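Chains as they are written, first to last, in the numbering used here: chain A, 1 to 320; chain B, 321 to 640.
Heads up, the beta-carbon is just placed ideally off N, CA and C, and yes, glycines get one too.
None of these values were measured; they are calculated from a predicted model.
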């Protein structure tokens, strides 16, 4: 079967996604970033089949997640997305059906987040499908990891642990015999909620402005709340006191934890949350956030649950 | 052997390369692009071991070439580099020695081109070494592929064909028995010139301002002069008349062509040149460029040599 050349492939699948003048219809080797107000914030996250996603995940969701994890980084910095570049490394067995579904998934998010494709590069790889997204955003004030102050409260958006439990649920879809007991005891809609949150993160783009206005420090939770929070405290040269019982859980995650209390560590360290962790003045926390702790003068990070101190052997889930 | 974690690896090898405030010492998930005058131009080229370079190429040259091919794209748009992001996918067998040499090569170019590391992402890949560079530059006037006008002269910087012949010479270093006759007849310094030009492109950053001032259309020559020129003419809806005999060759390439006249097609279509092809008013061509042809009203591209019309079955070397 004859396959399209790189140029044909770009013209057919990706040029329609380049809806901004600076992209010049993807007919050039470079793009011009649209001008705008505020800091131009940039982030880059790679996603590799077999490491960050399953090769048989739906192509449109693979594409959307590769973009969304970058938009999550931007939102946590207070930046509203303005465009992105896509590096696409295609393995030998790619098909036009795959690319069509992949581009469809991107198109939906490009519209939904107002974040056009600006350019990129397409190559073949003698290895797994490789995605490298560079995303741009504008922030009236860029919020860093450093900046937390003693007395700040610590908050997270949304719920924590769904992505980590969803990964287990997604693995069980592919290898049902390996499903853990707690997963078998969940209702089908609870399992599908977890899988959906693993496959389709919800970057908190709508909160980017609020983060920029109110947060003294912020980052997105991608490698596990415990480890990411430790990084933020280290960058700020502060410590924290936290209540694991205050960490917000979805009904599905709460049910799983009730069935198997041993899941608490996985929920708090598993990652793939793509929620925003932020430190702010207590008075500013009147948004849909959950206070989970406070920043303290020492550089110790102390997690408690029901008044007892917790310890986590590893603060993060090691993708690397 | 214990290997450094992702965070340790970044702190040890890459944080020292992040010499600009916006990179925040690579301690955050995002960077702020430094403000500046003119268009902010961005380009992204991936490089995969076994496709774009040999896995046993010197690590410092692999790193430098991945950056330089992007700086070449910027220069051809009239943009002076201001910083870059590095996506690094490491295969299972990476070593700290490799990374140290890789970072050294980057450091030299960061200083030489004044182009600091702004951020990036490091992941493991169950496949070959994968590099994804996103480079930024500022252009007083961004020069596009489209824009060539009938009557413009067509020029290239430097010499053409060294990279394509250098690839053959590099292959022969790895498999001497396969060396073609013309290569055996070159002097050692001619062979090493070609290999060097293949491994170490010279992005024409110093000419970026001149391109911005004088070129009506420009692009870098990476996929072969014949095919790249055809793309520029197609984007401009113009044609061209060219003299293959006017295309500038290095002494080594000229000697190889004298030995084997059949190399002409490889020289003109082989790619890996990283020189700038540009169209400009004839009066502006008083810089170190070589006029190789002129833009015409029709959309035909006609190459001649010694007065006879040439045809090229394929206008580009297909990396893809």
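Count the other CB atoms, across all protein chains shown, that sit within 10 Å of the CB of residue i; report buried if there are 16 or more and exposed otherwise.
{"i": "residue 275 of chain A", "result": "buried"}
{"i": "residue 505 of chain B", "result": "exposed"}
{"i": "residue 629 of chain B", "result": "exposed"}
{"i": "residue 135 of chain A", "result": "buried"}
{"i": "residue 314 of chain A", "result": "exposed"}
{"i": "residue 56 of chain A", "result": "exposed"}
{"i": "residue 216 of chain A", "result": "buried"}
{"i": "residue 517 of chain B", "result": "buried"}
{"i": "residue 30 of chain A", "result": "buried"}
{"i": "residue 509 of chain B", "result": "exposed"}
{"i": "residue 306 of chain A", "result": "exposed"}
{"i": "residue 201 of chain A", "result": "buried"}
{"i": "residue 618 of chain B", "result": "exposed"}
{"i": "residue 465 of chain B", "result": "buried"}
{"i": "residue 586 of chain B", "result": "buried"}
{"i": "residue 157 of chain A", "result": "buried"}
{"i": "residue 399 of chain B", "result": "buried"}
{"i": "residue 613 of chain B", "result": "buried"}
{"i": "residue 428 of chain B", "result": "exposed"}
{"i": "residue 431 of chain B", "result": "exposed"}
{"i": "residue 5 of chain A", "result": "exposed"}
{"i": "residue 472 of chain B", "result": "buried"}
{"i": "residue 450 of chain B", "result": "buried"}
{"i": "residue 415 of chain B", "result": "exposed"}
Bridge partners of residue i, per DSSP?
{"i": "residue 366 of chain B", "result": "B:452"}
{"i": "residue 349 of chain A", "result": "Since the first and last residues shown for chain A are 1 and 320, residue 349 of chain A lies out of range."}
{"i": "residue 22 of chain A", "result": "DSSP, once it has assigned bridges, lists no residue as partnering residue 22 of chain A."}
{"i": "residue 628 of chain B", "result": "B:625"}
{"i": "residue 401 of chain B", "result": "B:457"}
{"i": "residue 242 of chain A", "result": "A:293, A:303"}
{"i": "residue 443 of chain B", "result": "B:409"}
{"i": "residue 117 of chain A", "result": "A:84"}
{"i": "residue 327 of chain A", "result": "Past the edges of chain A, shown from 1 to 320, lies residue 327 of chain A, and the structure says nothing about it."}
Start and end of the beta strand (DSSP E) containing residue i?
{"i": "residue 218 of chain A", "result": "215-221"}
Any beta carbon of chain E sitting closer than 8 Å to that of residue i?
{"i": "residue 95 of chain A", "result": "The question asks about chain E, but that chain is absent: this structure's protein chains are A and B."}
What first and last residue would you give for the alpha helix (DSSP H) that runs through residue i?
{"i": "residue 102 of chain A", "result": "96-113"}
{"i": "residue 269 of chain A", "result": "264-269"}
{"i": "residue 59 of chain A", "result": "59-76"}
{"i": "residue 547 of chain B", "result": "545-556"}
{"i": "residue 573 of chain B", "result": "571-579"}
{"i": "residue 469 of chain B", "result": "Residue 469 of chain B -> no alpha helix (DSSP H), and no H or E assigned at all."}
{"i": "residue 486 of chain B", "result": "482-494"}
{"i": "residue 349 of chain B", "result": "No alpha helix (DSSP H) contains residue 349 of chain B, which DSSP labels as neither H nor E."}
{"i": "residue 567 of chain B", "result": "Careful: residue 567 of chain B lies outside any alpha helix (DSSP H) and carries neither H nor E."}
{"i": "residue 192 of chain A", "result": "188-199"}
{"i": "residue 357 of chain B", "result": "Run containing residue 357 of chain B: none; DSSP gives neither H nor E here."}
{"i": "residue 8 of chain A", "result": "6-9"}
{"i": "residue 504 of chain B", "result": "501-505"}
Let me check understanding here. Comparing Cα to Cα, which of the options lies closest to residue i?
{"i": "residue 467 of chain B", "options": "B:357, B:480, B:584, B:397", "result": "B:397"}
{"i": "residue 484 of chain B", "options": "B:476, B:588, B:355", "result": "B:588"}
{"i": "residue 583 of chain B", "options": "B:545, B:502, B:534", "result": "B:502"}
{"i": "residue 357 of chain B", "options": "B:402, B:469, B:576", "result": "B:402"}
{"i": "residue 524 of chain B", "options": "B:332, B:389, B:360, B:339", "result": "B:389"}
{"i": "residue 441 of chain B", "options": "A:17, A:293, A:46", "result": "A:46"}
{"i": "residue 462 of chain B", "options": "B:363, B:554, B:490, B:592", "result": "B:363"}
{"i": "residue 379 of chain B", "options": "B:421, B:359, B:387", "result": "B:421"}
{"i": "residue 424 of chain B", "options": "B:611, B:602, B:337", "result": "B:337"}
{"i": "residue 290 of chain A", "options": "A:245, A:9, A:301, A:116", "result": "A:245"}
{"i": "residue 574 of chain B", "options": "B:474, B:340, B:394, B:507", "result": "B:507"}
{"i": "residue 169 of chain A", "options": "A:52, A:93, A:155, A:191", "result": "A:191"}
{"i": "residue 270 of chain A", "options": "A:279, A:239, A:52, A:224", "result": "A:224"}
For the segment 461-473 of chain B, which residues have a beta carbon sitting closer than 8 Å to at least one beta carbon of chain A?
Those would be 462, 464, 465, 466, in chain order.
Against chain A, which members of the segment 364-386 of chain B pass a CB distance test of less than 9 Å?
Look at the segment 364-386 of chain B: the residues with a C-beta under 9 Å from a C-beta of chain A are 364, 365, 366, 367, 368, 369, 370, 371, 372.
If you measure beta-carbon to beta-carbon, which residues of the segment 232-260 of chain A are closer than 8 Å to chain B?
Hits within the stretch, in order: 235.
If contact means a Cβ-Cβ distance below 7 Å, which residues of the segment 336-352 of chain B contact chain A?
From the segment 336-352 of chain B, only 344, 347, 348, 349, 350, 351, 352 have a Cβ closer than 7 Å to chain A.
Compile a chain-ordered list of the residues in the segment 515-543 of chain B whose CB is closer than 7 Å to at least one CB of chain A.
The residues in question are 539, 540.
Give, in chain order, every residue of the segment 580-605 of chain B whose Cβ lies closer than 9 Å to some Cβ of chain A.
The residues in question: there are none.
Listed in chain order, which residues of the segment 94-127 of chain A have Cβ atoms closer than 8 Å to some Cβ of chain B?
Residues are counted here when their Cβ sits less than 8 Å from a Cβ of chain B; for the segment 94-127 of chain A these are 118, 119, 120, 121, 122, 123, 124, 125, 126, 127, given in chain order.
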